[in-house]
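Undergrad:
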Amino acid sequence: MPIRTRSPEAHYHAIPQGPVAVNPLVGSLEPESDGELEDDVDVEHAGGHLHSSPSMDAKFSWVFVVFGCAVLLPWNVMITATPYFLARLSNSPLKPTFSSYMSTSFTAANVVFLAHATATSKQTSPSRQVVSTLIGLSFLTFLLTVSTFVHATTGLFFAFVLMTGIAQAGLGSYLQTSCIAIASLFGPAAMQALMSGQAAIAVVVSGVQVVSAIASTWNEESTASGIPTGGHQGPEERSAFVFFLLSTIFLLGAVGGMFWLVSTPEYKTVAGGLERGKYVDDAASDASEASGLVASRSTLAATSLRRMITRNALFHIAVAYVFLVTLAVFPPITTSIAPVNPNVHPLLFTSIHFFVFGVGDLAGRSICSYRQFQVWDAKRLLVLSLARTLFIPLFLLCNVQRPSATDSAYTPIINSDWAFMFILFVFALTNGQVSSMCMMAAPSLEHNPRLKGNKEDIDVAATVASFCLVVGLALGSLSSFAVRWLVCDCNPLKS
Numbered sequence: 010m011p012i013r014t015r016s017p018e019a020h021y022h023a024i025p026q027g028p029v030a031v032n033p034l035v036g037s038l039e040p041e042s043d044g045e046l047e048d049d050v051d052v053e054h055a056g057g058h059l060h061s062s063p064s065m066d067a068k069f070s071w072v073f074v075v076f077g078c079a080v081l082l083p084w085n086v087m088i089t090a091t092p093y094f095l096a097r098l099s100n101s102p103l104k105p106t107f108s109s110y111m112s113t114s115f116t117a118a119n120v121v122f123l124a125h126a127t128a129t130s131k132q133t134s135p136s137r138q139v140v141s142t143l144i145g146l147s148f149l150t151f152l153l154t155v156s157t158f159v160h161a162t163t164g165l166f167f168a169f170v171l172m173t174g175i176a177q178a179g180l181g182s183y184l185q186t187s188c189i190a191i192a193s194l195f196g197p198a199a200m201q202a203l204m205s206g207q208a209a210i211a212v213v214v215s216g217v218q219v220v221s222a223i224a225s226t227w228n229e230e231s232t233a234s235g236i237p238t239g240g241h242q243g244p245e246e247r248s249a250f251v252f253f254l255l256s257t258i259f260l261l262g263a264v265g266g267m268f269w270l271v272s273t274p275e276y277k278t279v280a281g282g283l284e285r286g287k288y289v290d291d292a293a294s295d296a297s298e299a300s301g302l303v304a305s306r307s308t309l310a311a312t313s314l315r316r317m318i319t320r321n322a323l324f325h326i327a328v329a330y331v332f333l334v335t336l337a338v339f340p341p342i343t344t345s346i347a348p349v350n351p352n353v354h355p356l357l358f359t360s361i362h363f364f365v366f367g368v369g370d371l372a373g374r375s376i377c378s379y380r381q382f383q384v385w386d387a388k389r390l391l392v393l394s395l396a397r398t399l400f401i402p403l404f405l406l407c408n409v410q411r412p413s414a415t416d417s418a419y420t421p422i423i424n425s426d427w428a429f430m431f432i433l434f435v436f437a438l439t440n441g442q443v444s445s446m447c448m449m450a451a452p453s454l455e456h457n458p459r460l461k462g463n464k465e466d467i468d469v470a471a472t473v474a475s476f477c478l479v480v481g482l483a484l485g486s487l488s489s490f491a492v493r494w495l496v497c498d499c500n501p502l503k504s
């Protein structure tokens, strides 16, 4: 007899940070239901088909945290290394627009590759795809490491970084779908570990960047004082070298984690069906019968997709707009805000600003586990999302370095580094909290009445919401050009 009282895990959904495609594949192993859940059906019991085990052995938690970190490392590699990229483009007309071009090309590629990765996820071995994409990402970060020693023309370097970012976005999309497919089979605990890794990696990466920036600026001061440091790199290059090298080592370590996971008997038991690449009944060996099953499932999936796009429209708009506002100013505009205190090195200031954003975003996601911070209503979430527009003028009132400014005595209205960091922290906090609640509420049978109790719509609702999140990132990157136009009063594509 179903138990009506639900445990916290029954209504708690994993929280993605950034572009995440929630695509639980196990649901496709089960026959689709044409009917709706009755009101008295227990949600936890009904959703039991999404994983083969109600609990996950604690020994697997670490590897899913590592996978979560690896999924978002490509984006964090590119965005956190912005000070290095800008330093290499100094005195170049490409410098003012670099951040906007980089984020736009990365997120646009992410949208395209993520759509393809999701559509073809059932045709590949997830473990092989995880290994191959991790090796590919390791190679790309190694190239970035080498770039700190190779000095090419600014135009060539600009093209190299953009192409590297696009390649990382592509590989990261396929890595993402495979990791989520595997984690979904190990149950809610594995999914939570995966998402926690995604939330934590930004803090860890920016923390490493702060430490390396401190070391690099100290070396610069030592050189200015006459103390030899034994190198010719600037502080940005030294900082980037340490950061890229550690990222490469971490990705290679994640490859080892995948080999360990595949070697365990639990993986063979839980995820063996994924590795065979068959998502129809093994007894259906006849080609025409298999084709009929696939066609039937495709039709049902398309119907469910259209239904969710309409029913959850408010959630989709809310989560997309959250990241539209975020990417419109972070990092293209926020990295152009210089410290008011002349004693603070710009590299250190920018690195700290990335760390503050990461901490704020992680805090925003974490408070969603407390009832007093939970907002399930779609209209309220949309209002909160739209209200974040107010942060754009607040950042423009800070010490933004305007290319067309000629008055060296210009005093910003918000003339405090502490005030800027506080605004940035609240900006990040609301980014994490509102986006996470949208992702939690959209596929929740308990809190989203628009699902009308249809358990077969849970994964579709999560997937559509995740895709809208990525679309918001892409639109925000494009919007950064408009915000830059307000800042510099010039052609944002060139200045």
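Using this note's numbering, the letters of the sequence shown correspond one by one to residues 10 to 504.
Using N, Cα and C, we set each Cβ at its ideal position, and we do this for glycine too.
All values derive from a computational prediction rather than experimental measurement.
1) What first and last residue would you give for the alpha helix (DSSP H) that runs through C78?
2) Indicate the three-state DSSP secondary structure (helix, strand or coil) for I223 in the structure shown.
3) On the DSSP letters alone, give me the boundaries of the alpha helix (DSSP H) that D426 sits inside.
4) Could you name each continuous alpha helix (DSSP H) segment of 4 residues or more that falls completely within the segment 241-287, going from the start of the chain to the end?
5) Distance, Cα to Cα, L356 vs T226?
6) In chain order, what residues of the same chain lie with their CB nearer than 6 Å to the CB of R247, ignoring the 5 residues before and after it?
7) Helix, strand or coil for V384? Go by DSSP, reduced to three states.
8) Are L438 and H362 close, meaning C-beta to C-beta below 9 Å?
9) Are the Cβ atoms of G216 and G367 separated by less than 9 Å?
10) Which partner residues does V409 have in the DSSP bridge list?
11) Kindly give me the distance between the Cβ atoms of S486 and L336, rounded to whole angstroms, as I take these residues to be in contact under 8 Å.
12) Quick one: using the 10 Å Cβ neighbour count with 16 as the cut-off for buried, is Y93 buried or exposed?
13) Kindly give me the distance between the Cβ atoms of C447 and A474, rounded to whole angstroms, as I take these residues to be in contact under 8 Å.
14) From N463 to Q218, what distance separates their C-alpha atoms?
15) Identify whether L98 lies in helix, strand or coil by the three-state DSSP scheme.
16) Count the other C-beta atoms from every protein chain shown that fall within 10 angstroms of the C-beta of R315, then say buried if there are 16 or more, exposed otherwise.
17) Distance, Cα to Cα, T344 vs H354?
18) My output table needs one value for H325: the three-state DSSP class, helix, strand or coil.
19) How many Å lie between S256 and V86 at the Cα?
20) Quick one: what's got a C-beta closer than 7 Å to I326's C-beta in the same chain, skipping five residues either side?
21) With burial defined as no fewer than 16 other Cβ atoms inside 10 Å of the residue's Cβ, what is the status of T129: buried or exposed?
22) Helix, strand or coil: how does DSSP classify I423 here?
23) Where do the N-terminal and C-terminal ends of the alpha helix (DSSP H) with F158 fall, by residue?
24) Mapping DSSP to helix, strand and coil, what is D295?
25) Take P244 and list the residues in its own chain whose beta-carbon comes closer than 6 Å to its own, dropping the five residues that flank it on each side.
26) Along the chain, where does the alpha helix (DSSP H) containing D466 start, and where does it finish?
27) Kindly indicate which residue of I175, S221, A263, S156 has the alpha-carbon position closest to the one of F364.
28) Measure the beta-carbon distance from V328 to R411 and round it to whole angstroms, keeping in mind my assumption that it falls under 8 Å.
29) With contact counted as at least three CB pairs below 8 Å, one residue from each stretch, are the segment 376-394 and the segment 114-124 in contact?
30) Suppose the cutoff is 8 Å on Cβ atoms and the five residues either side in sequence are ignored; what does the same chain contact list for L254 look like?
31) State buried or exposed for Y276, treating a residue as buried only when at least 16 other CB atoms are found within 10 Å of its CB.
TA: The short version:
1) Counting from 1 along the sequence shown, the entry for residue 78 is found at position 69. Residues 70-89.
2) Looking up residue 223 in the sequence shown gives position 214. Three-state DSSP puts I223 in a helix.
3) For this step, residue 426 is matched to residue 417 along the sequence shown. Its alpha helix (DSSP H) spans residues 426-450.
4) Counting whole runs of 4 or more residues, the segment 241-287 contains the alpha helix (DSSP H) stretches 244-272, 274-285.
5) Within the sequence shown, the letter at position 347 stands for residue 356. Within the sequence shown, the letter at position 217 stands for residue 226. Roughly 8 Å between the two C-alpha positions.
6) To locate residue 247, count along the sequence shown from 1; it is residue 238. These residues qualify, in order along the chain: S225.
7) Looking up residue 384 in the sequence shown gives position 375. In the structure shown, V384 sits in coil (DSSP, three-state: anything other than H, G, I, E or B).
8) Position 429 of the sequence shown holds residue 438. Position 353 of the sequence shown holds residue 362. Taking C-beta atoms as the reference points, L438 and H362 fail to come closer than 9 Å.
9) The residue given as residue 216 occupies position 207 in the sequence shown. The residue given as residue 367 occupies position 358 in the sequence shown. Yes, they are a contact pair.
10) Position 400 of the sequence shown, counted from the first residue, corresponds to residue 409. DSSP lists I346 as partners of V409.
11) On the sequence shown, residue 486 is found 477 positions in, with the first residue counted as 1. On the sequence shown, residue 336 is found 327 positions in, with the first residue counted as 1. The pair is a contact, with the Cβ atoms about 5 Å apart (cut-off 8 Å).
12) For the purposes of this step, residue 93 is taken as the residue at position 84 of the sequence shown. Buried, since its Cβ has 16 or more Cβ neighbours within 10 Å.
13) In the sequence shown, the residue the question calls residue 447 occupies position 438. In the sequence shown, the residue the question calls residue 474 occupies position 465. Right, their Cβ atoms sit about 7 Å apart.
14) To locate residue 463, count along the sequence shown from 1; it is residue 454. To locate residue 218, count along the sequence shown from 1; it is residue 209. Straight across, the Cα-Cα distance linking N463 with Q218 is about 45 Å.
15) If you number the sequence shown from 1, residue 98 lands on position 89. L98 falls in the coil class under three-state DSSP.
16) Here residue 315 refers to the residue found at position 306 when the sequence shown is read from its first residue. Burial state of R315 is exposed, judged by a 10 Å Cβ sphere holding fewer than 16 other Cβ atoms.
17) By 1-based counting over the sequence shown, the position of residue 344 is 335. By 1-based counting over the sequence shown, the position of residue 354 is 345. In a straight line, the C-alpha of T344 is about 13 Å away from that of H354.
18) Residue numbering aside, residue 325 sits at position 316 when the sequence shown is read from its first letter. Here DSSP, grouped into helix, strand and coil, assigns H325 to helix.
19) Taking the sequence shown and counting its residues from 1, the one referred to as residue 256 is at position 247. Taking the sequence shown and counting its residues from 1, the one referred to as residue 86 is at position 77. Those two C-alpha atoms are separated by around 8 Å.
20) Residue 326 sits at position 317 when you count from the first residue of the sequence shown. Same-chain partners within the cutoff: L391.
21) Working through the sequence shown from its first residue, we reach residue 129 at position 120. Looking at its Cβ environment, which holds fewer than 16 other Cβ atoms inside 10 Å, T129 is exposed.
22) The residue given as residue 423 occupies position 414 in the sequence shown. Residue state, collapsed to three classes: coil.
23) Locating residue 158 in the sequence shown gives position 149, counting from the first residue. Run containing F158: none; DSSP gives neither H nor E here.
24) Residue mapping note: residue 295 aligns to position 286 of the sequence shown, counting from 1. Low confidence applies to D295: its pLDDT is 49, below 50, so where it sits in the model is not reliable, and the reading given next is rough at best. If DSSP states are grouped into helix, strand and coil, D295 belongs with coil.
25) The count along the sequence shown starts at 1 and reaches residue 244 at position 235. So the list reads S225, T226, E229, L356, once near-sequence residues are dropped.
26) Counted from its first residue, the sequence shown places residue 466 at position 457. For D466, no alpha helix (DSSP H) segment is defined, and its DSSP state is neither H nor E.
27) In the sequence shown, residue 364 corresponds to position 355, counting from 1. Of the listed residues, the one whose Cα sits closest to F364 is S221.
28) Here the question's residue 328 lines up with position 319 in the sequence shown. Here the question's residue 411 lines up with position 402 in the sequence shown. Taking a contact as a CB-CB distance under 8 Å, the pair V328 and R411 does not count as one, their CB atoms being some 32 Å apart.
29) No: fewer than three Cβ pairs fall under 8 Å.
30) Along the sequence shown, one-based indexing puts residue 254 at 245. Residues T154 of the same chain have their beta carbon placed closer than 8 Å to that of L254, with the five preceding and five following residues left out of the count.
31) As a position in the sequence shown, residue 276 is number 267, starting the count at 1. By the neighbour-count rule (16 or more Cβ atoms within 10 Å), Y276 is buried.
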